[in-house]
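Accompanying notes for the structure given below.
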Amino acid sequence: MSKLYLVRHGQASFMSDDYDRLSPIGKQQGALLGDYWGKRGKQFQHVYVGPLRRHQQTLTAFATGYEAHGLRLPQPTVLADFAEHQGFSMTREVLPKLVETDQFVAQHYNDGDMEPRVYLKVFRHVMLQWAAGDVGHAEFTTWQAFRAMVNRGVEAVKEQTGRGQSALVFTSGGTISAAVGYALDLEDVKAITLNWVVRNTAYAEFSFREDDFSLTEFNAIPHIEDDSLHTYV
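Following the numbering used here, the numbering of the sequence shown begins with 706 at its first residue and continues without gaps.
Spelled out as structure tokens, the structure:
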């Protein structure tokens, strides 16, 4: 059996002017995962990274911890199919109009000025409607189109990964949720709910051969023993 590991990026800069960069904790999380697998001599024949800065910064932090054990990673390949969905951007655009039609949004929305926990509640509420096809914006990709993109990326990696080899991918929580949905044949709304629970630098492990693609581990963080480093954004 061949293996595919999808790693979520480390903690990013939520509610800042630039979310797409790791926090100091995010860099530490990435290095801890690299150290964890490096100590165990885990080898990867292929490494892929999504196109976002937080993906690439997580790979850099990971490599620091991993290569400290005398191991080397293959040259990474950037794959656009492992980008994150456009849910946050879409939500910002539709919220002002949803205030007029959605009671939950109207109750919590404060002209874009919300506490992080409140914003996440509203975001998840909108995402469920987005996944169901009830909310959207012409400028942004649908959840269904995003899932198809991730499926395409998974299939591309499978084709390039030989029998008994392992591939490592650095990506985002929505991408991992879509890949798990692909493996388990989940419907759209169920698949997107997984996005809420994927922790920073948690990994999902898949085993595959020919037409068999199976989830064997999800949301794993054995490398993070300190509970204070368990983060979700």
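Even glycine gets a Cβ: it sits at the ideal position worked out from N, Cα and C. The model shown is predicted, which means the values in this text are computed figures rather than measured ones.
Range covered by the alpha helix (DSSP H) that runs through residue i
{"i": "residue 828", "result": "821-837"}
{"i": "residue 800", "result": "792-803"}
{"i": "residue 893", "result": "893-898"}
{"i": "residue 882", "result": "878-889"}
{"i": "residue 815", "result": "Element bounds for residue 815: n/a, residue is neither H nor E."}
{"i": "residue 922", "result": "Taken as a continuous stretch (DSSP letters only), residue 922 belongs to no alpha helix (DSSP H), being part of the beta strand (DSSP E) at 917-925."}
{"i": "residue 760", "result": "758-772"}
{"i": "residue 855", "result": "848-865"}
Whole-Å CB distance - residue i paired with residue j, under 8 Å assumed
{"i": "residue 843", "j": "residue 894", "result": "Actually they do not touch by this definition, with Cβ atoms about 22 Å apart."}
{"i": "residue 880", "j": "residue 855", "result": "5 Å"}
{"i": "residue 876", "j": "residue 713", "result": "7 Å"}
{"i": "residue 871", "j": "residue 708", "result": "4 Å"}
Distance cut-off 6 Å: residue i Cβ against heavy atoms of the ligand HEM
{"i": "residue 730", "result": "Ligands displayed in this structure: none; no statement on the ligand HEM is therefore possible."}
Alpha-carbon to alpha-carbon, residue j and residue i
{"i": "residue 897", "j": "residue 869", "result": "30 Å"}
{"i": "residue 916", "j": "residue 884", "result": "15 Å"}
{"i": "residue 866", "j": "residue 899", "result": "26 Å"}
{"i": "residue 925", "j": "residue 734", "result": "13 Å"}
{"i": "residue 748", "j": "residue 776", "result": "8 Å"}
{"i": "residue 792", "j": "residue 901", "result": "13 Å"}
{"i": "residue 750", "j": "residue 913", "result": "15 Å"}
{"i": "residue 823", "j": "residue 830", "result": "11 Å"}
{"i": "residue 761", "j": "residue 801", "result": "33 Å"}
{"i": "residue 874", "j": "residue 860", "result": "13 Å"}
Terminal residues of the beta strand (DSSP E) in which residue i lies
{"i": "residue 679", "result": "Here the chain covers residues 706 to 938 and nothing more, so residue 679 does not appear."}
{"i": "residue 744", "result": "Counting along the chain, residue 744 falls outside any beta strand (DSSP E), though it belongs to the alpha helix (DSSP H) covering 729-744."}
{"i": "residue 708", "result": "707-713"}
{"i": "residue 751", "result": "751-754"}
Option in the options with minimal Cα separation from residue i
{"i": "residue 756", "options": "726, 919, 733, 740", "result": "726"}
{"i": "residue 806", "options": "793, 901, 839", "result": "839"}
{"i": "residue 828", "options": "852, 849, 850, 803", "result": "803"}
{"i": "residue 846", "options": "874, 826, 786, 892", "result": "786"}
{"i": "residue 794", "options": "724, 746, 708, 733", "result": "724"}
{"i": "residue 853", "options": "872, 892, 831", "result": "892"}
{"i": "residue 790", "options": "796, 762, 851, 742", "result": "851"}
{"i": "residue 797", "options": "771, 778, 770, 825", "result": "825"}
Buried or exposed by the 16-neighbour rule on C-beta atoms within 10 Å, applied to residue i
{"i": "residue 905", "result": "buried"}
{"i": "residue 667", "result": "Residue 667 is absent from the structure shown; the chain starts at 706 and stops at 938."}
{"i": "residue 731", "result": "buried"}
{"i": "residue 746", "result": "exposed"}
{"i": "residue 933", "result": "exposed"}
{"i": "residue 809", "result": "exposed"}
{"i": "residue 659", "result": "With the chain represented from 706 up to 938, any question about residue 659 goes unanswered, as that position is not in the structure."}
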